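Just so you know, the sequence shown maps onto residues 187 to 316 in this note's numbering.
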Amino acid sequence: MNFLKKLQQIQKEKQLEKKNKIFLDILQKNSTNRITIENLHQEILLEITYSLRNSEEKLKALIEECYRILLDYQHTKNLEHKETIKKEFLRIRKEAEIQKWKFIVQRECLGFVCTEELEKKYKIPDLNST
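Quick look at the structure:
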């Protein structure tokens, strides 16, 4: 009985191998579906580049928004309006800090470790900035 089960198992494995070989042959003959390591590597690099650029653009936009709001804050005389602007500034500034952290972590994961340079390049203003 044990021998018969083993024989059935071997037969199933051979059928599975045959199906896999047929599928592999079809993929290899169809050149438009052929995936090479180089193509895959290139696709991954493009995705990394896009993601990093997208993260950087979000950070830049938030920093610009901080400076715009800060300018409004500095030129507003109305105290109530100034408080509203301050709350908005602090909210956007917090978003910018989080985005900056995400950007730095993403870069570090890719092996870029120029954190001091990034701190200078992507300086986020505070309310005391002039």
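Glycine is no exception: its CB is placed at the ideal position from the N, C-alpha and C atoms. Small disclaimer: the values here were computed from a predicted structure and weren't measured.
Checklist entry - What does a CB cutoff of less than 8 Å around K292 pick up in its chain, not counting 5 residues either side in sequence? => result Looking at the sequence provided, one finds Gln at residue 292 rather than Lys. Non-local C-beta neighbours of Q292 in its own chain, meaning closer than 8 Å and more than five positions away in sequence, comprise S237, L238, S241, ordered along the chain.
Item to check | Cα-Cα separation, N225 to C295 | outcome: So the alpha carbons of these two residues sit roughly 22 Å apart.
Next on the checklist: Whole angstroms are fine: how far does the CA of T235 sit from the CA of Y308?
Outcome noted: Straight-line spacing of the CA atoms in Y308 and T235 works out to 19 Å.
Item to check | As assigned by DSSP and simplified to three states, the class of L304 | outcome: Residue state, collapsed to three classes: helix.
Item to check | Same chain, Cβ closer than 8 Å to L256, five either side skipped, listed in chain order | outcome: Setting aside the 5 residues that flank it on each side, L256 is surrounded in the same chain by F275, P311, L313, S315, each with a C-beta closer than 8 Å to its C-beta; the list follows chain order.
Next on the checklist: Given this structure, state the Cα-to-Cα distance separating T262 from T270, to the nearest angstrom.
Outcome noted: If you take the alpha carbons of T262 and T270, they lie about 11 Å apart.
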